[in-house]
Each structure stands twice: as C-alpha cells, then as structure tokens.
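Q:
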Amino acid sequence: MTLATFQTFQATVIKKENVTHDVIVLSCSVPTDFSFKAGQFITLMITKDGETKPRSYSILNAPSETGTLSLCIKIVPDGWASDIFNMTKKDDTFLVKGPFGHFVFDESGNDHWFICGGTGVVPFYSMLQEYLIKRDDQFTLVFSVKTKRDLFFHNEFEALASTYENFTYIPTLTREEWDGATGRVQEHLPEDLSGKTFYVCGLKELVLETKELLISKGVSKDMIKVERYS
Ligand SMILES: Cc1cc2nc3c(=O)[nH]c(=O)nc-3n(C[C@H](O)[C@H](O)[C@H](O)COP(=O)(O)OP(=O)(O)OC[C@H]3O[C@@H](n4cnc5c(N)ncnc54)[C@H](O)[C@@H]3O)c2cc1C
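Here my numbering is used: the first residue of the sequence shown is -3, the next is one more, and so on.
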C-alpha cells in the first residue's frame, strides 16, 4: 500500500468541544489537498514559553472529509501540551506535519478487531466511518475506559452498531459496574482467534499486554497491528 507523503501546513481551529470532563475534540480547517489514510496521525508543533515541542495525535475524521482535521485529545493532568489545549479557542492556529504512520486498515482481512483504551479509540473512529459503508467485513470494537463518565462517542458507536449488522460494539468499564461489560479489554477477546486481524491502540501497558496475550494464544505477529501513545 502506498501512503501519502507528509505535508507541513497550518490548521485553524473552527470548533472546540468537550466530549467528557477531560477529553476534547478540536475540529480544524486545513488545506483541501491534505490527504491521509484512516488510522494515521499528524504531529502538532506546539510552542509554549518560547519552546516548541512536537506532539502526535491520531486523526479522528474520515479521509473523505477533505479540508477538515479533527483531533480528539485527552487533557493529561500537568501535561506539557495539555496546558495549551486547555486554553485553545476558535481561530487559534497550529503548525501541523503529517500524515504519518502505518497503523492503517488491512484491506486483505475480513474480520477486524479494534481494541483500545481511552483516546486509543480515535483511529478506529476514522476507520469505521471510512470502511463500514464500503465493506461487508465483520468489525468489532472493544473500547475500555475507567468509568461511565469517561466514555465518549458512545451514542455514535451505538448508532453505528444498530445501523450495521456487521459491527459489534463492546464498551467496557475497568473501574465501575454498570449494565454493560466490565474489565480490561483483554477479557473481551474472541474465543476463536483464527482468521482475524487485530488492531490495538492506546497507552503502552494496554498495547504490550494485549499483543503478548494474542501471541501467547497463537496469533501470528503479522495479524496484529499496534499503535502506542506512550
Ligand atoms: C502516534 C501517536 C498518536 C497519538 N494520538 C493521540 C490522540 O489521538 N489523542 C491523545 O489524547 N493523545 C494521543 N497521543 C499522545 C500525545 O502525543 C501526547 O503524549 C499527550 O497529548 C500528552 O502530551 P502532554 O504534552 O500534554 O503530556 P506530557 O507532559 O508529555 O506527559 C505525558 C504523560 O501523559 C500520558 N499520556 C499521553 N497520552 C495520553 C493519553 N492519550 N491518555 C492518557 N494519558 C496519556 C503519558 O503516559 C505520560 O504519563 C498520541 C501519541 C502518539 C505517539
């Protein structure tokens, strides 16, 4: 698969929305020739106190939405860049480089398991918007957050699951009981692991533990794609 080469451009914030108490969605306008594959990320060059540092974010929107770059960002307590996102407002601009990454949809598969924690769900949001409409494959999303108030895009995923019979949505809470699934993502893997493509995204512990577990159960490494945020 050929991936687009990266570009450098300005993104202008057109909307900032809180989707939970500590997760925001930034919708930006970008040049219409910016193109990417669902699952890829961009890097923002963030300047604070005279210092510029890169911070990477998966792209939330589908590639077909040209001229738009939406990001979903967790505000990390005491995070260097999180400080800036707390203050970000409409019409602010960011210097962006991208797209980057090989965490993209495997078109040769037909049973896709998307496994994630927190904002690790972002690349899957883009992939589902792009591919559910185009393919009859099976799609399963296992999405963990700590408590119900940390859950975001829940209504959107439920709506997709009721529209598309080939999409199963499994939200799981790791630190609260509710009327849905509970426990870590590793507890919600399929019984039969054969013939499936696994995509795992999120913080280091979730990604490494899930990958190790899948390998220990006999899944070959080339059927497991990972994206680590830390
Ligand atoms: C390829 C890639 C894609 C990424 N995509 C996203 C994304 O779509 N959304 C997003 O919110 N972050 C994403 N990240 C993480 C992001 O780049 C920053 O690390 C994060 O925003 C924290 O930056 P900071 O400067 O505020 O915190 P720092 O001062 O750098 O502190 C880092 C601390 O934040 C923790 N942390 C980093 N990311 C997260 C997170 N998402 N959730 C909880 N804790 C976190 C780290 O474990 C570490 O303890 C991605 C990282 C990579 C490498």
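All residues carry an ideal CB built from backbone N, CA and C; glycine is no exception.
#1: Am I right that Phe2 and Gly97 are in contact with their C-beta atoms under 8 Å? What's the rounded C-beta distance?
#2: Given Ser122, which residues of its chain have a CB within under 7 Å of its CB, disregarding the five upstream and five downstream residues?
#3: Pick out whichever of Lys130, Val181, Asp218 and Leu91 has its Cα sitting closest to the Cα of Thr43.
#4: Cys68 to Pro119, Cα distance in whole Å?
#5: Among Cys24, Val72, Trp76 and Val26, whose alpha-carbon lies nearest the alpha-carbon of Gly46?
#6: Using 8 Å as the cut-off, can you tell me whether the segment 185 to 192 makes contact with the segment 148 to 162, which would need three or more C-beta pairs spanning the two stretches below that distance?
#7: Please determine, among Thr159, Leu209, Thr193 and Asn82, the residue with the shortest C-alpha to C-alpha distance to Val181.
#8: Could you please give me the residues that DSSP links to Gly176 through a beta bridge?
#9: Going by beta-carbon coordinates alone, are Gly94 and Thr193 separated by less than 8 Å?
#10: Between Ile71, Leu40 and Cys197, which has its C-alpha nearest Phe139's C-alpha?
#11: What I want to know is whether the C-beta of Thr115 ends up closer than 7 Å to one or more non-hydrogen atoms of ligand 1.
#12: Do Val21 and Val15 have their C-beta atoms within less than 8 Å of each other?
#13: With burial defined as no fewer than 16 other Cβ atoms inside 10 Å of the residue's Cβ, what is the status of Gly116: buried or exposed?
#14: Just to confirm the assignment: which complete alpha helix (DSSP H) runs, minimum length 4, are found wholly within the segment 52 to 115?
#15: For the candidate residues His184, Leu40, Glu161 and Pro73, whose alpha-carbon lies nearest to that of Asp88?
#16: Checking 8 Å against the spacing of the C-beta atoms, do Ile111 and Thr170 come in under that value?
#17: Taking 7 Å as the line, does the beta carbon of Arg171 fall inside it for any heavy atom of ligand 1?
#18: What span of residues does the alpha helix (DSSP H) with Glu204 cover, start to end?
#19: Which partner residues does Arg224 have in the DSSP bridge list?
#20: Within 10 Å of its beta-carbon, does Asp146 have 16 or more other beta-carbons around it, so buried, or fewer, so exposed?
#21: First and last residue of the alpha helix (DSSP H) that includes Ala7?
A: Let me spell this out:
#1: About 10 Å separates the two Cβ atoms, so there is no contact after all.
#2: The answer, listed in chain order, is Ala34, Gly35, Ile55, Leu56, Asn57 and Ala58.
#3: Nearest of Lys130, Val181, Asp218 and Leu91 to Thr43, Cα basis: Leu91.
#4: Cys68 and Pro119: Cα-Cα distance of roughly 10 Å.
#5: Measuring C-alpha to C-alpha distances from Gly46 to each of Cys24, Val72, Trp76 and Val26 identifies Trp76 as the nearest.
#6: The segment 185 to 192, when compared against the segment 148 to 162, does not touch it at the 8 Å Cβ threshold.
#7: Of the candidates Thr159, Leu209, Thr193 and Asn82, the one whose C-alpha sits nearest the C-alpha of Val181 is Leu209.
#8: None; Gly176 has no bridge partner.
#9: Against a cut-off of 8 Å, the Cβ pair of Thr193 and Gly94 comes out as no contact.
#10: Nearest option by C-alpha distance: Cys197.
#11: At least one heavy atom of ligand 1 lies closer than 7 Å to the C-beta of Thr115.
#12: Less than 8 Å separates the beta-carbon of Val21 from that of Val15.
#13: Result: buried.
#14: With a minimum length of 4 residues, the continuous alpha helix (DSSP H) runs that stay inside the segment 52 to 115 are 76 to 83.
#15: Closest option to Asp88, judged by alpha-carbon separation, among His184, Leu40, Glu161 and Pro73: Leu40.
#16: Contact flag unset, no.
#17: No, since every heavy atom of ligand 1 falls outside the 7 Å radius drawn around the Cβ of Arg171.
#18: Looking at the sequence provided, one finds Leu at residue 204 rather than Glu. Its alpha helix (DSSP H) spans residues Lys200 to Ser212.
#19: Its beta-bridge partners are Gly198.
#20: Asp146 should be labelled buried.
#21: According to the DSSP assignment, Ala7 belongs to no alpha helix (DSSP H) but to the beta strand (DSSP E) extending over Gln3 to Asn14.
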